[in-house]
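K.L.:
Got a structure for you, written out below as C-alpha coordinates; questions coming shortly.
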Amino acid sequence: MISTLNLLDADWRHLVMAELEKPYLAELVRFLEREEEAGRTVYPPPAQRLAALAQTPFKAVKVVILGQDPYAGPGQAMGLSFSVPRGVRMPPSLKNIYAEIERDLGTRMPDSGDLSGWARQGVLLLNTILTVEAGRFGSHQRKGWERFTDALLAALSARRSGLVFMLWGNHAAKKAGCLSAERHLILSSSHPSPLGVRHGFRGCGHFGEANRYLQAQGLPPIDWSAVG
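Just so you know, our numbering puts 207 at position 99 of the sequence shown, and the rest follows in order with no gaps.
Printed below as a string of C-alpha coordinates:
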(Lines of atoms letter the chains of each structure in order from A and count residues from 1; the text may use other names and numbers.)
(Lines give C-alpha, C1' and ligand atoms only; values in the text may rest on other atoms or scores of the structure.)
Protein backbone atom coordinates (compact mmCIF):
# COMPACT_ATOMS: atom_id res chain seq x y z
CA MET A 1 0.00 0.00 0.00
CA ILE A 2 2.75 2.44 0.97
CA SER A 3 4.58 1.89 -2.32
CA THR A 4 1.51 2.98 -4.32
CA LEU A 5 0.82 6.24 -2.48
CA ASN A 6 2.56 8.19 -5.25
CA LEU A 7 -0.21 7.06 -7.63
CA LEU A 8 -2.84 8.99 -5.64
CA ASP A 9 -3.82 12.64 -5.84
CA ALA A 10 -2.96 14.81 -2.85
CA ASP A 11 -6.40 14.48 -1.20
CA TRP A 12 -6.53 10.70 -1.28
CA ARG A 13 -2.85 10.46 -0.32
CA HIS A 14 -3.40 12.65 2.74
CA LEU A 15 -6.36 10.51 3.83
CA VAL A 16 -4.50 7.23 3.38
CA MET A 17 -1.41 8.51 5.19
CA ALA A 18 -3.55 9.65 8.12
CA GLU A 19 -5.03 6.14 8.40
CA LEU A 20 -1.59 4.53 8.11
CA GLU A 21 -0.63 6.26 11.34
CA LYS A 22 -3.33 4.27 13.16
CA PRO A 23 -2.48 0.84 14.60
CA TYR A 24 -5.31 -1.01 12.82
CA LEU A 25 -4.02 -0.21 9.34
CA ALA A 26 -0.40 -0.91 10.21
CA GLU A 27 -1.54 -4.33 11.43
CA LEU A 28 -3.49 -4.89 8.21
CA VAL A 29 -0.35 -4.14 6.18
CA ARG A 30 1.60 -6.64 8.31
CA PHE A 31 -1.15 -9.24 7.85
CA LEU A 32 -0.91 -8.94 4.06
CA GLU A 33 2.87 -9.20 4.20
CA ARG A 34 2.63 -12.38 6.30
CA GLU A 35 0.10 -13.90 3.93
CA GLU A 36 2.37 -13.37 0.94
CA GLU A 37 5.47 -14.52 2.81
CA ALA A 38 3.59 -17.74 3.60
CA GLY A 39 3.09 -18.30 -0.13
CA ARG A 40 -0.59 -17.44 -0.27
CA THR A 41 -1.84 -15.63 -3.37
CA VAL A 42 -3.62 -12.37 -2.62
CA TYR A 43 -5.76 -10.53 -5.18
CA PRO A 44 -5.43 -7.95 -6.57
CA PRO A 45 -1.63 -7.55 -6.74
CA PRO A 46 -0.15 -4.78 -4.55
CA ALA A 47 0.08 -2.22 -7.35
CA GLN A 48 -3.70 -2.40 -7.92
CA ARG A 49 -5.03 -2.42 -4.36
CA LEU A 50 -5.66 1.32 -4.37
CA ALA A 51 -6.62 1.45 -8.05
CA ALA A 52 -10.08 2.86 -7.31
CA LEU A 53 -8.51 5.89 -5.64
CA ALA A 54 -5.76 6.22 -8.23
CA GLN A 55 -8.16 6.24 -11.18
CA THR A 56 -10.74 8.61 -9.66
CA PRO A 57 -9.28 11.65 -7.85
CA PHE A 58 -11.07 12.81 -4.71
CA LYS A 59 -12.43 16.02 -6.21
CA ALA A 60 -13.48 14.23 -9.42
CA VAL A 61 -15.82 11.74 -7.69
CA LYS A 62 -19.45 12.09 -8.77
CA VAL A 63 -20.82 8.58 -8.14
CA VAL A 64 -19.70 5.85 -5.73
CA ILE A 65 -20.51 2.21 -6.47
CA LEU A 66 -19.73 -0.05 -3.52
CA GLY A 67 -18.79 -3.69 -3.97
CA GLN A 68 -17.94 -6.29 -1.32
CA ASP A 69 -14.47 -7.74 -1.84
CA PRO A 70 -12.41 -8.44 -4.97
CA TYR A 71 -13.01 -11.37 -7.27
CA ALA A 72 -11.09 -14.37 -5.95
CA GLY A 73 -10.31 -16.04 -9.31
CA PRO A 74 -7.05 -15.68 -11.26
CA GLY A 75 -6.85 -12.69 -13.57
CA GLN A 76 -10.14 -11.14 -12.44
CA ALA A 77 -9.50 -8.58 -9.68
CA MET A 78 -8.12 -5.22 -10.84
CA GLY A 79 -8.86 -2.96 -7.87
CA LEU A 80 -12.17 -1.61 -9.20
CA SER A 81 -15.42 -2.99 -7.81
CA PHE A 82 -17.30 -5.29 -10.21
CA SER A 83 -14.69 -4.73 -12.95
CA VAL A 84 -12.53 -7.32 -14.72
CA PRO A 85 -9.75 -6.71 -17.26
CA ARG A 86 -10.67 -6.57 -20.93
CA GLY A 87 -10.79 -10.08 -22.39
CA VAL A 88 -11.68 -11.74 -19.07
CA ARG A 89 -15.02 -13.51 -18.93
CA MET A 90 -17.68 -11.25 -17.44
CA PRO A 91 -18.85 -12.37 -13.96
CA PRO A 92 -22.60 -12.86 -13.35
CA SER A 93 -22.95 -9.77 -11.13
CA LEU A 94 -21.52 -7.54 -13.83
CA LYS A 95 -23.78 -9.12 -16.45
CA ASN A 96 -26.75 -8.23 -14.24
CA ILE A 97 -25.49 -4.65 -13.85
CA TYR A 98 -25.23 -4.31 -17.63
CA ALA A 99 -28.71 -5.80 -18.05
CA GLU A 100 -30.16 -3.22 -15.65
CA ILE A 101 -28.44 -0.37 -17.52
CA GLU A 102 -29.93 -1.62 -20.78
CA ARG A 103 -33.38 -1.94 -19.18
CA ASP A 104 -33.15 1.45 -17.45
CA LEU A 105 -31.61 3.55 -20.21
CA GLY A 106 -32.07 1.53 -23.38
CA THR A 107 -28.29 1.61 -23.81
CA ARG A 108 -26.64 -1.39 -25.39
CA MET A 109 -23.60 -2.33 -23.33
CA PRO A 110 -20.27 -3.51 -24.78
CA ASP A 111 -18.71 -6.93 -24.30
CA SER A 112 -15.84 -5.63 -22.16
CA GLY A 113 -16.08 -5.95 -18.38
CA ASP A 114 -13.34 -3.36 -17.79
CA LEU A 115 -15.04 -0.43 -16.05
CA SER A 116 -12.06 1.93 -16.22
CA GLY A 117 -14.11 4.21 -18.47
CA TRP A 118 -16.56 4.76 -15.61
CA ALA A 119 -13.70 5.54 -13.23
CA ARG A 120 -12.37 8.18 -15.60
CA GLN A 121 -15.79 9.87 -15.60
CA GLY A 122 -15.89 10.18 -11.82
CA VAL A 123 -17.38 6.85 -10.74
CA LEU A 124 -15.48 5.60 -7.70
CA LEU A 125 -15.57 1.81 -7.92
CA LEU A 126 -14.76 0.95 -4.33
CA ASN A 127 -14.95 -2.41 -2.61
CA THR A 128 -15.64 -2.44 1.13
CA ILE A 129 -12.71 -4.90 1.46
CA LEU A 130 -9.74 -4.38 -0.86
CA THR A 131 -8.02 -7.78 -0.87
CA VAL A 132 -8.90 -11.47 -0.87
CA GLU A 133 -7.01 -14.76 -0.76
CA ALA A 134 -7.19 -16.66 -4.04
CA GLY A 135 -10.22 -18.91 -4.16
CA ARG A 136 -11.53 -17.82 -0.74
CA PHE A 137 -14.31 -15.28 -1.07
CA GLY A 138 -14.60 -13.14 2.07
CA SER A 139 -11.29 -14.34 3.49
CA HIS A 140 -10.04 -10.85 4.40
CA GLN A 141 -13.13 -9.68 6.22
CA ARG A 142 -12.60 -8.13 9.65
CA LYS A 143 -8.90 -7.54 9.02
CA GLY A 144 -9.20 -3.76 8.97
CA TRP A 145 -10.34 -2.93 5.47
CA GLU A 146 -13.88 -2.13 6.61
CA ARG A 147 -12.59 0.60 8.93
CA PHE A 148 -10.35 1.96 6.18
CA THR A 149 -13.15 2.23 3.63
CA ASP A 150 -15.43 3.74 6.30
CA ALA A 151 -12.86 6.53 6.65
CA LEU A 152 -12.74 7.13 2.90
CA LEU A 153 -16.52 7.28 2.58
CA ALA A 154 -16.93 9.49 5.64
CA ALA A 155 -14.41 11.96 4.18
CA LEU A 156 -16.25 12.04 0.86
CA SER A 157 -19.56 12.57 2.62
CA ALA A 158 -18.27 15.39 4.81
CA ARG A 159 -16.05 17.26 2.34
CA ARG A 160 -18.06 16.91 -0.85
CA SER A 161 -21.72 17.51 -1.68
CA GLY A 162 -24.11 16.30 -4.34
CA LEU A 163 -22.61 12.84 -4.79
CA VAL A 164 -24.52 9.67 -5.65
CA PHE A 165 -23.86 6.59 -3.53
CA MET A 166 -25.11 3.24 -4.85
CA LEU A 167 -25.38 0.72 -2.01
CA TRP A 168 -26.14 -2.76 -3.30
CA GLY A 169 -26.59 -5.60 -0.84
CA ASN A 170 -26.05 -5.97 2.90
CA HIS A 171 -22.32 -5.24 2.97
CA ALA A 172 -22.80 -1.95 1.16
CA ALA A 173 -25.90 -1.04 3.18
CA LYS A 174 -23.82 -1.08 6.36
CA LYS A 175 -21.89 1.90 5.00
CA ALA A 176 -24.97 4.14 5.06
CA GLY A 177 -24.03 5.24 8.56
CA CYS A 178 -20.93 6.95 7.13
CA LEU A 179 -23.00 9.06 4.73
CA SER A 180 -25.20 12.13 4.91
CA ALA A 181 -28.55 11.72 3.18
CA GLU A 182 -28.99 15.50 3.40
CA ARG A 183 -25.88 16.23 1.34
CA HIS A 184 -26.02 13.34 -1.12
CA LEU A 185 -28.29 10.98 -3.04
CA ILE A 186 -28.14 7.50 -1.49
CA LEU A 187 -29.59 4.69 -3.60
CA SER A 188 -30.05 1.23 -2.08
CA SER A 189 -31.13 -2.15 -3.44
CA SER A 190 -30.27 -5.81 -3.26
CA HIS A 191 -26.96 -7.03 -4.65
CA PRO A 192 -26.71 -7.73 -8.41
CA SER A 193 -25.47 -11.28 -7.77
CA PRO A 194 -27.58 -14.15 -9.15
CA LEU A 195 -29.01 -14.69 -5.64
CA GLY A 196 -29.89 -11.04 -5.05
CA VAL A 197 -30.81 -9.58 -8.42
CA ARG A 198 -34.49 -10.54 -8.21
CA HIS A 199 -34.96 -8.99 -4.78
CA GLY A 200 -34.74 -5.35 -5.80
CA PHE A 201 -31.75 -4.77 -8.03
CA ARG A 202 -33.56 -5.65 -11.24
CA GLY A 203 -35.71 -2.64 -12.01
CA CYS A 204 -34.02 -0.36 -9.46
CA GLY A 205 -33.37 2.36 -12.06
CA HIS A 206 -30.29 3.63 -10.26
CA PHE A 207 -28.33 4.58 -13.37
CA GLY A 208 -30.95 6.90 -14.80
CA GLU A 209 -31.72 8.35 -11.37
CA ALA A 210 -28.03 9.09 -10.82
CA ASN A 211 -27.77 10.89 -14.13
CA ARG A 212 -30.88 12.98 -13.49
CA TYR A 213 -29.47 14.00 -10.10
CA LEU A 214 -26.14 15.02 -11.64
CA GLN A 215 -27.82 16.96 -14.45
CA ALA A 216 -30.00 18.81 -11.95
CA GLN A 217 -26.75 20.18 -10.51
CA GLY A 218 -25.50 21.24 -13.93
CA LEU A 219 -23.07 18.32 -14.16
CA PRO A 220 -22.65 16.05 -17.20
CA PRO A 221 -24.28 12.63 -16.83
CA ILE A 222 -22.27 9.41 -16.77
CA ASP A 223 -22.02 7.64 -20.11
CA TRP A 224 -22.58 4.16 -18.74
CA SER A 225 -21.79 2.57 -22.12
CA ALA A 226 -18.26 4.06 -22.11
CA VAL A 227 -16.32 1.34 -20.30
CA GLY A 228 -12.61 0.45 -20.56
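Idealized CB from N, CA, C, for every residue including glycine.
For E135 and L234, what's the separation of their Cα atoms in angstroms?
P.N.:
Residue mapping note: residue 135 aligns to position 27 of the sequence shown, counting from 1. Residue mapping note: residue 234 aligns to position 126 of the sequence shown, counting from 1. Their Cα atoms are separated by approximately 21 Å.
K.L.:
Compute the distance between the beta-carbons of Q163 and H279, then report whether it is under 8 Å.
P.N.:
For this step, residue 163 is matched to residue 55 along the sequence shown. For this step, residue 279 is matched to residue 171 along the sequence shown. No, the pair does not count as a contact, with Cβ atoms beyond the cut-off.
K.L.:
Work out the CA separation of A259 and A126 for me, nearest whole Å.
P.N.:
Working through the sequence shown from its first residue, we reach residue 126 at position 18. Working through the sequence shown from its first residue, we reach residue 259 at position 151. The alpha-carbon atoms of A126 and A259 are separated by roughly 10 Å.
K.L.:
Report the three-state DSSP secondary structure of Y151 (helix, strand or coil).
P.N.:
On the sequence shown, position 43 is the one that residue 151 refers to. Residue state, collapsed to three classes: strand.
K.L.:
Please confirm if the segment 312–321 is in contact with the segment 268–282, defined as three or more CB-CB distances below 8 Å between the two stretches.
P.N.:
Yes: at least three Cβ pairs fall under 8 Å.
K.L.:
Just checking my contact of S189 with I173 at CB under 8 Å: how many whole Å lie between their CB atoms?
P.N.:
Position 81 of the sequence shown holds residue 189. Position 65 of the sequence shown holds residue 173. S189 to I173, Cβ: 6 Å. Contact.
K.L.:
Enumerated in chain order, which unbroken segments of the alpha helix (DSSP H) with a length of 4 residues or greater are wholly contained in the segment 163–232?
P.N.:
Taking only runs of at least 4 residues, the alpha helix (DSSP H) segments lying wholly in the segment 163–232 are 200–213 and 224–228.
K.L.:
L322 lies in the beta strand (DSSP E); which residues open and close that run?
P.N.:
Stepping through the sequence shown from its first residue, residue 322 is reached at position 214. That residue, L322, is in no beta strand (DSSP E); its alpha helix (DSSP H) goes H314 to A324.
K.L.:
According to DSSP, A273 sits in a beta bridge with which residue or residues?
P.N.:
Looking up residue 273 in the sequence shown gives position 165. Per the sequence shown, the amino acid found at residue 273 is Phe instead of Ala. Answer is V172 and I294, bridged to F273.
K.L.:
Does DSSP classify R310 as helix, strand or coil?
P.N.:
For the purposes of this step, residue 310 is taken as residue 202 along the sequence shown, with counting starting at 1. Reduced to three states, the DSSP call for R310 is coil.
K.L.:
From K331 to D219, what distance separates their C-alpha atoms?
P.N.:
Position 223 of the sequence shown holds residue 331. Position 111 of the sequence shown holds residue 219. Here residue 331 is Asp; the residue named in the question, Lys, does not match the sequence. Rounded to whole angstroms, D331 to D219 spans 16 Å at the Cα level.
K.L.:
Going straight from the alpha carbon of S301 to that of R310, what length do you get?
P.N.:
Numbered from 1 along the sequence shown, position 193 holds the residue referred to as residue 301. Numbered from 1 along the sequence shown, position 202 holds the residue referred to as residue 310. Roughly 10 Å between the two C-alpha positions.
K.L.:
Count the other CB atoms, across all protein chains shown, that sit within 10 Å of the CB of S269; report buried if there are 16 or more and exposed otherwise.
P.N.:
Residue 269 sits at position 161 when you count from the first residue of the sequence shown. Exposed, since its Cβ has fewer than 16 Cβ neighbours within 10 Å.
K.L.:
Select from A207, L293 and I237 the residue whose C-alpha is nearest the C-alpha of A324.
P.N.:
What you label residue 324 is simply residue 216 of the sequence shown in a count that begins at 1. Cα-wise, what sits closest to A324 is L293.
K.L.:
Assign G326 to one of two classes, buried (16 or more other C-beta atoms within 10 Å of its C-beta) or exposed (fewer than that).
P.N.:
Along the sequence shown, read from residue 1 onward, the residue named residue 326 stands at position 218. So G326 counts as exposed.
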